[in-house]
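Quick notes on the structure that follows.
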Amino acid sequence: QPLNPQMEGSSVLRRADCRAKGGSSGFKVAILGAAGGIGQPLAMLMKMNPLVSVLHLYDVVNSPGVTADLSHMDTGAVVRGFLGQPQLESALTGMDLVIIPAGVPRKPGMTRDDLFNINAGIVKTLCEGVAKCCPNAIVNLISNPVNSTVPIAAEVFKKAGTYDPKRLLGVTTLDVVRANTFVAEVLGLDPREVNVPVVGGHAGVTILPLLSQVKPPCSFTPEETNYLTNRIQNGGTEVVEAKAGAGSATLSMAYAAVKFADACLRGLRGDAGIVECAFVASQVTELPFFATKVQLGRTGAEEVFQLGPLNEYERVGLEKAKEELAGSIQKGIAFITK
Ligand code: NAD
Ligand code: LMR
15 QPLNPQMEGS
25 SVLRRADCRA
35 KGGSSGFKVA
45 ILGAAGGIGQ
55 PLAMLMKMNP
65 LVSVLHLYDV
75 VNSPGVTADL
85 SHMDTGAVVR
95 GFLGQPQLES
105 ALTGMDLVII
115 PAGVPRKPGM
125 TRDDLFNINA
135 GIVKTLCEGV
145 AKCCPNAIVN
155 LISNPVNSTV
165 PIAAEVFKKA
175 GTYDPKRLLG
185 VTTLDVVRAN
195 TFVAEVLGLD
205 PREVNVPVVG
215 GHAGVTILPL
225 LSQVKPPCSF
235 TPEETNYLTN
245 RIQNGGTEVV
255 EAKAGAGSAT
265 LSMAYAAVKF
275 ADACLRGLRG
285 DAGIVECAFV
295 ASQVTELPFF
305 ATKVQLGRTG
315 AEEVFQLGPL
325 NEYERVGLEK
335 AKEELAGSIQ
345 KGIAFITK
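Add 14 to the 1-based position in the sequence shown for full-length UniProt numbering, that's all there is to it.
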């Protein structure tokens, strides 16, 4: 009797695999980097998601422990664990949605771009696996710097001949989650009632909250606008500094990742009116990628929405965001094409 029967290469004693093989309901989801700071709480929350029938947990370390632990939860999703590069293809085969939080996080004093040298190669390898084993899966890319890793993934998929811009989404939900929270704090509202569109990208000035478009409609003083914009743009750094060398946002990120993944799965199921912000291939600006609201459907990001009316403060912010984004996108593309 294997001690960890949920790992690839082992088997569980069971009369019938009614959930994993039936294929009748639920989606197959893989998490790459599942044993990490984000990966673990994300895996737990996805194990609790009723839309998930099969959950594959892949990492280069520690996935057996995380898999054994989560597989004892009496929720519907069947969990299987995969360890190391030789098991990547098995982890990915047949998946509907692949969530990628693999890679190193920031320490105080670092920018997200400082992670490029390590994370670019990790994302490239994982996306080559996706192109080979589940080319039709939706990909939710979390690994930083998102402004460059999404263009890297796009180039990997183009090279493999599998690129569909609708299915590649950079996860910027944490910016929206933070914006909702901080705006609600200022206004004295319940954050669940607040919706702030955050556009641009996912680093510093590229994170552009559109406070003029907050729902419910409200207005801000110039002091509030400055405070909120800076706090939202620096939310990640706030956590990195508070963790003092022990990593970056993991718990709020896992929450945000599940919020976004759940929206993608509801879109795949055919639910109507699923709209979230994400960093996607875009014609909204002159840049090839940009984060805006997108409509999620059976084939991924089926519609990319325009920015809507901006005020002067936001127009200035947009120009700054585009300037930085252009370089980050180009850096990602060049990593594959040069
Ligand atoms: P972490 O170090 O705690 O976990 C990363 C995991 O990735 C580890 O378990 C590691 O073993 C694994 N890993 C490394 N190389 C791998 C490979 N080749 N294949 C599979 N797994 C591999 O880091 P974390 O705190 O979970 O953060 C992960 C990434 O997410 C970082 O790049 C971080 O900057 C980013 N992040 C993004 C957002 C966002 O809003 N998009 C938010 C927070 C963090
Ligand atoms: C975040 O916004 O929390 C993440 O991008 C992690 C980081 O490095 O700030």
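Note that beta-carbon positions come from the ideal geometry of N, C-alpha and C, so glycine has one too.
Between the Cα of residue i and those of the options, spot the shortest distance and give me the residue it belongs to.
i: A145; options: N133, S24, E169 and I132; result: E169
i: G281; options: A151, L321 and G218; result: A151
i: V298; options: E317, R312, S226 and K172; result: E317
i: M109; options: A82, G117, A134 and V66; result: V66
i: I347; options: K336, Q247, V74 and K173; result: K173
i: E238; options: C278, V197, E337 and A275; result: V197
i: A193; options: S162, V164, K229 and T163; result: K229
i: V190; options: K307, L279, K345 and E142; result: K307
i: E337; options: E300, N18 and G90; result: E300
i: L222; options: F293, N154, R206 and T163; result: F293
i: R206; options: T195, V212, V200 and V213; result: T195
i: P100; options: E22, K42 and F274; result: E22
i: L242; options: A256, S342 and S226; result: S226
i: C278; options: A258, A256, A315 and V254; result: A315
i: A256; options: G284, K121, P323 and G322; result: K121
i: G117; options: F319, N131, S342 and A295; result: N131
i: P55; options: V80, L129, V68 and V75; result: V80
i: N350; options: V208, N248, L69 and K138; result: One detail in the question is off: residue 350 reads as Ile in this sequence, not Asn. Here the closest residue by C-alpha is K138.
i: L140; options: G123, A167 and L129; result: A167
i: N248; options: P64, L17 and G123; result: G123
i: G95; options: S24, A30, G261 and P64; result: S24
i: V200; options: A260, L17 and I246; result: I246
i: G259; options: L129, P119 and K345; result: P119
i: G250; options: V26, L324, T125 and K345; result: T125
Report yes if the CB atom of residue i is closer than 7 Å to the CB atom of residue j, and no otherwise.
i: I113; j: I45; result: yes
i: L97; j: C147; result: no
i: S77; j: L84; result: no
i: L182; j: A270; result: no
i: G215; j: A305; result: yes
i: residue 5; j: P159; result: For the chain, the structure presents residues 15 to 352; residue 5 sits outside this window and is missing.
i: L224; j: P211; result: yes
i: K61; j: A91; result: yes
i: A335; j: T186; result: no
i: L102; j: G143; result: yes
i: N133; j: L339; result: no
i: A295; j: P179; result: yes
i: I343; j: L310; result: no
i: D73; j: G40; result: no
i: F274; j: E290; result: yes
i: L59; j: V272; result: yes
i: Q20; j: V75; result: no
In the DSSP assignment, find the beta strand (DSSP E) that holds residue i and state where it starts and stops.
i: T306; result: F303 to G311
i: E103; result: No beta strand (DSSP E) holds E103; the alpha helix (DSSP H) holding it covers L102 to L106.
i: I113; result: L111 to I114
i: Y177; result: From DSSP, Y177 is part of no beta strand (DSSP E); its letter is neither H nor E.
i: P223; result: I221 to P223
i: C291; result: I288 to A295
i: V74; result: Premise fails: V74 is in no beta strand (DSSP E) and is neither H nor E.
i: K42; result: F41 to L46
i: E317; result: G314 to V318
How is the alpha helix (DSSP H) around residue i delimited, first residue to last?
i: I52; result: From DSSP, I52 is part of no alpha helix (DSSP H); its letter is neither H nor E.
i: C278; result: L265 to R283
i: E337; result: E326 to T351
i: L201; result: T187 to L201
i: F130; result: F130 to C147
i: A256; result: G249 to K257
i: S85; result: S77 to S85
Cβ of residue i less than 7 Å from any chain B Cβ?
i: P64; result: Among the protein chains of the structure shown there is no chain B, as only one such chain exists.
Checklist entry - Three or more C-beta pairs closer than 8 Å, one from the region 255-272 and one from the region 224-240: is that the case here? => result no
Checklist entry - Taking contact to mean at least 3 C-beta pairs separated by less than 8 Å, is the region 327-336 in contact with the region 111-127? => result no
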